[in-house]
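Beneath this line is the structure, given in structure tokens, with notes to follow.
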Amino acid sequence: MSEKDKRSEEEKRKKGFGHLSRREFLKDAGLVIGGTTMGSVALAAGAESPKQTEESAPAEVPGTRTSADAGTIELTVNGGKYRFHVEPNWSLRQLLRDEIGLTSPKDWCGGQGACGSCTVIMDGRPVLSCMTLACECDGAVIETSEGIAKAEHPIIDAYIKHNAFQCGYCTPGFVNSSKALLDRNPNPTEADVRDALAGNLCRCGTYQQHPPAVLEAAEALKKA
Amino acid sequence: MKTWKRFEHVNAKSVDEAASILKDGNARVIAGGTDILGAMRFEILPDYPEVLVNLKSVSGLEYIREEAGMLKIGALTRLEDIAKSDVVRERYTALAEAAHKTASPHIREMGTIGGNICQFTRCWYFRLPDNRFNCLRKGGRKCYAMMGDNRYHSIFGAAKGCIAVNPSDTAPALVALDAKIKTNRRVIEAEKFWEVSKPGSTILDAGEIVTEIQVPTPVKRVKSAFIKFTIRKSIDFPIVNCAAMIGTDDARICLNAVYNTPCRIPASEALIKGKPISEKRADAAGAAAIEKAKVLPGERNKWKIQLARTMVKRAILNCD
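Protein sequences appear in the order of chains A and B. Just so we're aligned: the first sequence equals residues 1 to 224 in the numbering used here. Just so we're aligned: the second sequence equals residues 1 to 320 in the numbering used here.
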């Protein structure tokens, strides 16, 4: 389901779900899609009887993998295990947003790797999910801002305290880059922080607030 | 966001397997993916690859080790790991600095050194989405930058009609450090590794894959440095960059982003070789570097000549 479809769906249901914000609705919609995809994967993977295969095997499209196993990946996202059948041309960002429903990896620069707003932490490294093929993520351990917030990491409070955002669009990318830095370097200097966040753009211009926020989170982590 | 057109994805088990797939047809390798995936997303290539061969699934291509008077770096070693390596920072300073100045932290975490030296040019006519300009590098008949907006283009003229520049940061460092590039077929001197090809920028044949970078360990009292001019401090490709390695009786200076390939500057090297470094001498070397420089039609790239002069001077002074 494309973003546009989701939006029109939202318009239709708005009366019935008046209490839901757009964000909550999109998240729920994402979860439903994720659920159905996983269902079909489970069926396809375990499909030995011809009847089930006919119904649920992924359609064979020229130029894509044909065997279900080749395109099936298992990955850990925010501590949860997932299994997906992915097409070769899916990005990790697409998988996280459209299949799992994690909306924190954003698209800003259009997939050029120039803005950092789609940053996620993959096996401890901050990487651009728009420039990562989903099919190459088999066995990967991925963290997004949702997981970091859920784990009540001090970086979240520090960002709020220092007001290190304005519109908030780039914030998940900054949070992920900061968390990846703190994981590897518990005692960062201000220069380290500036260096680690140099790949994240913020059009509101909140750059000055980020280093103190990250340094405070580092202090909080040491005390904890 | 524009998504990729369909392609087939193969996880190679060995370099040989990847090479045989490359040879067979319209296939390209993917390592970090930060260059090829961008090129494919925006469909800048005349032939959209049918197959992507993943090299990350080949084991044993990611390492940094010093042995037998040589630093060996696996082609799939990420730039961030090279920039942070103590060995590289201490004795191969120019390479560590070049790796550290490349792109943004995220791209350095993904991008590999093998990919960095093999990347496509950033010429904006070459890069315009949907292959809008079918230029010389794509088998076309015309260089659109020659009479167009060429403010970031070559200051040493055209090579095979093309005035695009090599955008790599690690390339000049490897040339200055007298490195060799090992592929699955041969070992190539870094200086001879690049040339104008279609649409790539290296002399690699079809089915040839970079596997290792070999840098001879500099003798004691040899210093190297890398310097880069960009508008922003991070993310940007170089407008001009320069690497230098200067010892007691040897000097190697390499400019990049000024020509189709990284350029060694023998005229500047001769002025520095075997003499103590001084501001005056570095300035003279900078002036010598741009003796053969020329502006392109429209004079839009004139400013780069002054930049090249200053980059050479500062790179030399940083070796002091």
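Think of the CB as a built atom: it goes at the ideal place given N, C-alpha and C, for glycine as much as any other residue. Keep in mind that this is a model prediction, so the values were computed, not measured.
Secondary structure of residue i, DSSP reduced to three states
| i | result |
| --- | --- |
| B:Phe229 | strand |
| A:Leu201 | coil |
| A:Ser178 | helix |
| B:Val51 | strand |
| A:Val141 | strand |
| A:Ala158 | helix |
| B:Tyr152 | coil |
| B:Phe126 | helix |
| A:Leu221 | helix |
| B:Ile36 | helix |
| B:Val312 | helix |
| B:Leu177 | coil |
| B:Cys242 | strand |
| B:Asn11 | strand |
| B:Leu307 | helix |
| A:Glu54 | Residue placement at A:Glu54 is flagged as unreliable, the pLDDT there being 37, under the threshold of 50; the coordinate-derived value follows with that caveat. In the structure shown, A:Glu54 sits in a helix (DSSP, three-state: H, G or I). |
| B:His321 | Residue coverage of chain B in this structure runs from 1 to 320, which leaves residue 321 of chain B outside it and unanswerable. |
| A:Tyr207 | helix |
| B:Ser59 | coil |
| B:Pro218 | coil |
| B:Pro276 | coil |
| B:Gly74 | strand |
| B:Asn256 | strand |
| B:Pro262 | coil |
| A:Ile73 | strand |
Short CB-CB distance (under 8 Å) between residue i and chain B
| i | result |
| --- | --- |
| A:Asp98 | no |
| A:Ala164 | no |
| A:Thr206 | no |
| A:Pro188 | no |
| A:Pro211 | no |
| A:Asp192 | no |
| A:Glu143 | no |
| A:Asp183 | no |
| A:Pro105 | no |
| A:Ala196 | yes |
| A:Glu74 | no |
| A:Gly199 | yes |
| A:Thr136 | Residue identity check: residue 136 of chain A is Glu in the sequence provided, not Thr. So yes, A:Glu136 belongs to the interface. |
Burial state of residue i, where buried means 16 or more other Cβ atoms lie within 10 Å
| i | result |
| --- | --- |
| B:Met147 | exposed |
| B:Ala103 | buried |
| B:Arg132 | exposed |
| A:Gly18 | Any reading at A:Gly18 must be qualified, since the residue scores a pLDDT of 42, below 50, and its modelled position is unreliable; the value itself is stated next. A:Gly18 comes out exposed. |
| A:Glu190 | exposed |
| A:Asp98 | buried |
| A:Asn200 | buried |
| B:Thr170 | buried |
| A:Gln209 | buried |
| B:Asp149 | exposed |
CB contact below 8 Å: residue i versus chain A
| i | result |
| --- | --- |
| B:Gly114 | no |
| B:Thr121 | no |
| B:Asn54 | yes |
| B:Lys233 | yes |
| B:Lys101 | no |
| B:Trp4 | yes |
| B:Glu43 | no |
| B:His9 | yes |
| B:Pro167 | no |
| B:Glu97 | no |
| B:Ala216 | The identity of residue 216 of chain B in the sequence shown is Pro, whereas the question assumes Ala. With 8 Å as the cut-off, B:Pro216 does not count as an interface residue toward chain A. |
| B:Glu189 | no |
| B:Ile107 | yes |
| B:Ser104 | yes |
| B:Gly33 | yes |
| B:Met147 | no |
Contacts that residue i makes with chain E (C-beta to C-beta distance below 9 Å)
| i | result |
| --- | --- |
| B:Leu37 | The structure shown contains no chain E; its protein chains are A and B. |
Check: residue i C-beta below 7 Å from any heavy atom of the ligand MN
| i | result |
| --- | --- |
| A:Gln166 | This structure simply doesn't include the ligand MN, nor any ligand for that matter. |
Requested in this report: Indicate whether the contact test is met: 3 or more Cβ pairs, each with one atom in the region 158-168 of chain A and one in the region 123-130 of chain A, closer than 8 Å.
Outcome: no
**Report entry** Contact between the region 220-239 of chain B and the region 21-39 of chain B (3+ Cβ pairs under 8 Å)
**Finding:** no
Report task. With 7 Å as the C-beta to C-beta threshold (strictly closer), list the residues of the region 234-255 of chain B near chain A in chain order. Result -> Ser234 and Ile235
Query raised in the report: Quick check: the region 184-193 of chain A against the region 101-119 of chain B, are there 3 or more CB pairs under 8 Å?
Result: no
Query raised in the report: Is the region 98-114 of chain A touching the region 86-98 of chain B, taking contact as three or more C-beta pairs under 8 Å?
Result: no
Query - Residues from the region 116-128 of chain A in contact with chain B, defined by Cβ distance under 8 Å - result: Gly116, Thr119, Arg125, Pro126, Val127 and Leu128
Query raised in the report: Which of the residues in the region 52-85 of chain B, read from start to end, lie with their CB under 9 Å from any CB of chain A?
Result: Leu52, Asn54, Lys56, Ser57, Arg78 and Glu80
Query raised in the report: How about the region 40-54 of chain B and the region 65-75 of chain B: do they share at least three Cβ pairs that are nearer than 8 Å?
Result: no
Query raised in the report: Which residues, in order along the region 286-318 of chain B, keep a beta-carbon less than 9 Å from a beta-carbon of chain A?
Result: none
Query - Members of the region 145-175 of chain A that neighbour chain B once the beta carbon cut-off is set at 8 Å - result: none
Query - Touching by the beta-carbon criterion (3+ pairs, under 8 Å), the region 195-215 of chain A and the region 13-22 of chain B - result: no
Report task. Could you tell me whether the region 248-255 of chain B touches the region 161-178 of chain B, where touching means 3 or more Cβ pairs closer than 8 Å? Result -> yes
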